[in-house]
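When the letters of the sequence shown are read in order and numbered with the numbering used here, they come out as residues 368 to 889. Glycine is no exception: its CB is placed at the ideal position from the N, C-alpha and C atoms. Report on one structure; see the data block that follows.
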Amino acid sequence: MGWRMGSAAFDIVQSFSSNRFFWRMVWLTLGVKLALAWLLPFTGDEAYFVVWGNNLDYGYYDHPGMTGWWIWVTLLIDQSPLIIRLPAIVGPILIALLMRGFLRRVDQKTANLAAVLFLLSPLNVLNVLMTTDTPIFILSLISGWFVWRAERGASKVNYLLAGLFLGAAFFSKYFAVLLGLSYAVYFLFRRRPNIAGLGLVFLGVIPWATLNIVWLYHHCWTNIVFNIYNRNENTGFSLDGVGLLAASIVLLLGPGIVFFLLRRRSKADRRPWPEVWTRLRRRKLDLFAICFVLPQLVFLLVSLSNTVGLHWLLSFYPFAFPVLAVVFGTAGLVRLVKWTGIYTFTLTLLIFTLLLVPRHWASFHDSYDSVAMGTRPDRVLEEMMDQAPGAFLATSSYAKSALLEFHAREHVLVVGPSYHHARQDDMVTDFRLLEGQSIAIVTADLEEELFTFEPWFDEHRVELIEIEGAKFGIFIGEGFRYNDYRELVLRPVAENYYTLPDWLKRFSGSCYFCEKYDLCEE
């Protein structure tokens, strides 16, 4: 009896760790991702990043330029959501292939199991939206791979290549700084510090950092002001953020992995931690452990005073899977593959179910207007154009304007003070040129916003429309008053979102917003 059970367990391990099973999982997860990407409505955030791609630059209001560049390339192929999402669909699968490739130098079965575990994780299957997290997610692990190659005796050029990819990740999102910090800890805090290797890595970062600094110098340092100051104004000590961070870790890794990491070692087929660390160091995979754990510790500190977004964590999680391949034996990895697959595909089935549920079932929810606009932007645009032919189209939301712009294939303005997030339209729109023009503004909060819009125009009228049960108002203003708008909206915007801290003012070259509207010296 025991012999049969052992034989069955051996057969399962052989099956799950085979090359055939790996490639089946590649094609299965690719098919699921394509279906998800086809069915999921295009989001306001994605549409906002398409605005970046349509206004190609080496920097944008919120972040450096890499995401805009990637989207610009997809737009050369086609402007359909599926094509725009291709980097998010294919990128994580390429990471799995890379992971499998370098882990095969350690053990072929382990390599297949670790790569399958990653393929079946939410980090791959549910990762289909094209956002600023897509490039950094892909580029970070490639950077780590080059460091690992150099550490295992490959050419020192790999350190420089690691730096170039680290810089490219930084040019996607500033969270790549934590990856650089992880490298510094790895290189410096060991028996023989590798200062030369660290120097080559950071030499590769310099071109990207320089490009970003040059752009910031001529653009009000908006990335710095937004990411460090404006978005952190209302922070304060709270333990709620720690709980949310813990929930995010479970959601991203999966409850199965977390459970077996915490379970008693003998029942989880998990190696003793001292042995794990010895094996990691011998294979130079301690690099990946540091690149995963150190950012989590930083986010733990941040969570004491701020909410850590789920997407903040994404780019560091691929580093966990080569480490898991060492922590668990083959039987343990097979168990993780099973439970992770069940978890991820349960989530996927839930998402598919929600996508197939009639939208009007959500009409009771306060945000149903966003659902209606997101799923039927064509109807909203048709009503706006019918009610106000020849008028400039606008909303008071950056996400909604971007979404309508994506479907209209023409610029949709953002009016009003809006928020500190996503102010790219400040660079695109020049309100001076709209003096005396007509503007049609669609809103779901007409009663609240009516009195805000009125002072900007000589006269106005209001039309009420209904899209799939959601009620909207179209405020049609005629005779736009630029000077009034400048005082009521643009001046407070300049004060709230474009005022530099004193220490940064001395390093500022120019500010497009303040100079455009003559608000610099006031």
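| Check | Outcome |
| --- | --- |
| Delimiting residues of the beta strand (DSSP E) encompassing residue 825 | 824-834 |
| Ranges of the alpha helix (DSSP H) found wholly within the stretch 378-414, counting only runs of at least 4 | 386-406 |
| Sheet register partners of residue 781 (DSSP bridge) | 762 |
| Contiguous alpha helix (DSSP H) assignments of at least 4 residues, all confined to the stretch 517-576 | 524-537, 543-555 |
| Among 847, 737, 869, 882, the one whose alpha carbon lies nearest that of residue 839 | 737 |
| Rounded straight-line distance, which links the Cα of residue 636 to that of residue 660 | 22 angstroms |
| The ligand COA heavy atom lying under 7 angstroms from the CB of residue 885 | Summarising the ligand content, the structure contains no ligands, and the ligand COA is consequently not present. |
| Pair within 8 angstroms by beta-carbon distance, residue 692 and residue 481 | yes |
| Residue 373 to residue 701 span [Cα, whole Å] | Its pLDDT being 47, under 50, residue 373 is placed unreliably by the model, and the measurement read from it follows with that caveat. Their backbone Cα atoms lie some 14 angstroms apart in a straight line. |
| Spatially closest choice to residue 743 from 385, 408, 432, by CA coordinates | 408 |
| The stretch 762-773 touching the stretch 411-425, judged by at least three CB pairs closer than 8 angstroms | yes |
| At least 3 beta-carbon pairs within less than 8 angstroms: the stretch 486-499 vs the stretch 526-536 | no |
| Residue(s) in a DSSP beta bridge with residue 476 | Note: residue 476 sits in no beta bridge, so no partner. |
| Separation of residue 553 from residue 565, as counted between CA atoms | 9 angstroms |
| Residue 388 beta carbon less than 8 angstroms from that of residue 382 | yes |
| Member of 585, 446, 812, 486 whose CA lies at the smallest distance from the CA of residue 395 | 486 |
| Neighbour-count burial assignment, residue 518, 16 or more Cβ in a 10 Å radius | buried |
| First and last residue of the uninterrupted beta strand (DSSP E) at residue 806 | 806-810 |
| Cut-off 8 angstroms between Cβ atoms - residues of its own chain near residue 675, not counting five sequence neighbours on either side | 608, 611, 612, 615, 666, 669 |
| Counted within 10 angstroms of its Cβ, other Cβ atoms place residue 524 as buried (16 or more) or exposed | exposed |
| Cut-off 6 angstroms between Cβ atoms - residues of its own chain near residue 437, not counting five sequence neighbours on either side | 454, 502 |
| Residue 398 versus residue 484 - alpha carbon distance | 17 angstroms |
| Which of helix, strand or coil DSSP assigns to residue 874 | coil |
| For residue 677 and residue 686, the rounded distance between their alpha carbons | 16 angstroms |
| From 879, 814, 815, 849, residue whose alpha carbon lies closest to that of residue 823 | 849 |
| C-alpha gap between residue 591 and residue 864, whole angstroms | 11 angstroms |
| According to DSSP, residues forming a beta bridge with residue 840 | 810, 831 |
| Rounded separation between residue 378 and residue 698 - CA only | With a pLDDT of 45 at residue 378, under the threshold of 50, the modelled position of that residue is not reliable, and no figure is offered here. |
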